[in-house]
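Read in order, the letters of the sequence shown are residues 10 to 430 in the working numbering.
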Amino acid sequence: MKLVVKPAGEIKPNFEMLPSKLHTQLASSLAMLARGKVEIRSPLQVSDTRVILKILEDLGFLVKKNQSSWTIYPPDRLTLVKKSISVGGSATALAMISAALSLFQVSIVVSGDSSLRARRMSGLLSAFHKMGLDVHSTKKDETPPFIIFGGEVKGGRISLTAEEVRYLPALAIPACGTTEETVFQFPQKGAQPYVEPVLDVFGSARLRIESMREILSFPKQLVPGFTYTVKEELSSSAPFVILSLLGGEEVKTKLGKISGRDQIFLSALRKFGVKISQTKRSISIYPGKLKGTNLDISPIPELLPFFALFACFAKGRTIITGIEAAKQSKSNRAEAIFSGLRRMGAEVILYKDKLIVKGPCKLKGREVDGANDYAVTATLAVAGAFANGEVSITNGPEALKQAYPSFISTLKQMGVETSYI
């Protein structure tokens, strides 16, 4: 199946902000430890979040779902009807489910699809072992499947590297059940997108956390039942925000306290010269003349493709650094978006540690590869709206379901003609 995108005329900023996928996954995974009913309101309902609910059901939890909320009831005791469970293609789900299961007296294998089984998880396993979690790769190259030997976890003081801090939301789950206080110490730079979800979700669950600039401390405590409303997120809606801005349209949204990822997303937009008006209750983002900039993408690697495209419409050279995590995501996102944009005529160069785009570029309609990655596919679809000719995207349409509930219909209502062939 291919996704075909035709050049658009007028772009209409008609889209709803999506709830955060990371916050949805964290609240759903924390429910595994809850002693009572958990209600998750306004979850992002996509395959990367639903897979966690499926695992909970397989473990004996009662899950009730509707369009606006999920309600999760704990079993009297965990039941293992399978020796192996699958998280599909979600590395975040793999990390969170593995971490949560480590507190139970179980031995189980956690696997995933072929793309996930090809991803090295050295940083995640290193962080697990520092914490005392008995989780191991079943292969020599530290790729999934993982085998988990659950039981008592000591905790203590744990120093995380810049790479390992990405897994802080997963590590925080078992931190509540360790035999002694667990204290995470980490580099402050780039940590906010991973600290904020923990404080937000755990705060709603009334869990005690001591937070300082480079430290999160968790006393031993039980997780009560809780109700959590997933916040909407600009960065989760990145393709629609980028499409609107490149189409010359203002983006307005009513948001309360924004997420850590959104703070970095907005900061990156400002570096390109985008004007942003922000109050306690709303954010307005104005289109304008874009300029090339230097951008460290390491805190938000999933957004590399979108900012690479954004740079194609900026005057001057854009240097995107910190691409290592992006190279080890759903796909090698740096290589995939480099190949796609270059095929469409963009002046782009990929080095080992950076991506350089010289703009502005005139994009041409071509057949391009979505690399079975929702971020790459969505970016190429947005690029197609501004290309001189039809863009056909292979190896990608199915991946859109991992992050966007109704991507195609949203593009259509924004004025972009799309179809499957």
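Using N, Cα and C, we set each Cβ at its ideal position, and we do this for glycine too.
If you draw a straight line from the alpha carbon of residue i to that of residue j, how long is it in whole angstroms?
| i | j | result |
| --- | --- | --- |
| residue 130 | residue 38 | 19 angstroms |
| residue 379 | residue 15 | 16 angstroms |
| residue 126 | residue 339 | 11 angstroms |
| residue 115 | residue 134 | 18 angstroms |
| residue 326 | residue 245 | 26 angstroms |
| residue 123 | residue 289 | 44 angstroms |
| residue 397 | residue 381 | 24 angstroms |
| residue 151 | residue 68 | 26 angstroms |
| residue 202 | residue 268 | 7 angstroms |
| residue 65 | residue 299 | 46 angstroms |
| residue 261 | residue 280 | 19 angstroms |
| residue 206 | residue 32 | 6 angstroms |
| residue 350 | residue 395 | 12 angstroms |
| residue 120 | residue 388 | 28 angstroms |
| residue 204 | residue 137 | 17 angstroms |
| residue 158 | residue 91 | 15 angstroms |
| residue 77 | residue 161 | 36 angstroms |
| residue 278 | residue 62 | 34 angstroms |
| residue 292 | residue 309 | 20 angstroms |
| residue 372 | residue 410 | 26 angstroms |
Tell me where the beta strand (DSSP E) around residue i begins and ends.
| i | result |
| --- | --- |
| residue 80 | 78 to 82 |
| residue 376 | 376 to 378 |
| residue 166 | 165 to 168 |
| residue 429 | 427 to 429 |
| residue 5 | This structure does not reach residue 5, given that the chain is present from 10 up to 430, and the question cannot be answered. |
| residue 157 | 155 to 158 |
| residue 230 | Per DSSP, residue 230 belongs to no beta strand (DSSP E) and is neither H nor E. |
| residue 115 | Taken as a continuous stretch (DSSP letters only), residue 115 belongs to no beta strand (DSSP E), as it is neither H nor E. |
Excluding the 5 residues flanking residue i on each side, which residues of the same chain have their C-beta closer than 8 angstroms to its C-beta?
| i | result |
| --- | --- |
| residue 313 | 306, 329, 332, 335, 342, 343, 346, 364, 384 |
| residue 390 | 12, 14, 248, 400, 402, 416, 420, 425, 427 |
| residue 407 | 10, 381 |
| residue 223 | 194, 195, 196, 197, 200 |
Please go through the same chain and pick out, in chain order, the residues whose beta-carbon is closer than 6 angstroms to the beta-carbon of residue i, but skip the five residues on each side of it.
| i | result |
| --- | --- |
| residue 164 | 187, 189, 191 |
| residue 46 | 82, 234 |
| residue 236 | 48 |
| residue 238 | 50, 51 |
Using a 10 Å radius around the Cβ and a threshold of 16 neighbouring Cβ atoms, would you call residue i buried or exposed?
| i | result |
| --- | --- |
| residue 231 | exposed |
| residue 360 | exposed |
| residue 287 | exposed |
| residue 337 | buried |
| residue 197 | exposed |
| residue 270 | buried |
| residue 404 | buried |
| residue 221 | exposed |
| residue 209 | buried |
| residue 170 | exposed |
| residue 175 | buried |
| residue 59 | buried |
| residue 111 | buried |
| residue 99 | buried |
Do residue j and residue i come within 8 angstroms of each other at the CB atom, strictly closer than that value?
| i | j | result |
| --- | --- | --- |
| residue 449 | residue 26 | The question about residue 449 has no answer here: the residues shown for the chain are numbered 10 through 430. |
| residue 34 | residue 140 | no |
| residue 193 | residue 216 | no |
| residue 118 | residue 146 | no |
| residue 87 | residue 113 | yes |
| residue 142 | residue 108 | yes |
| residue 254 | residue 296 | yes |
| residue 294 | residue 250 | yes |
| residue 243 | residue 211 | no |
Below 7 angstroms CB to CB, which residues in the same chain sit around residue i once its five sequence neighbours on both sides are set aside?
| i | result |
| --- | --- |
| residue 301 | 320, 323, 324, 325, 326, 327, 368 |
| residue 412 | 30, 55, 57, 383 |
| residue 23 | 422, 423 |
What residue does the alpha helix (DSSP H) around residue i start on, and which one ends it?
| i | result |
| --- | --- |
| residue 105 | 100 to 110 |
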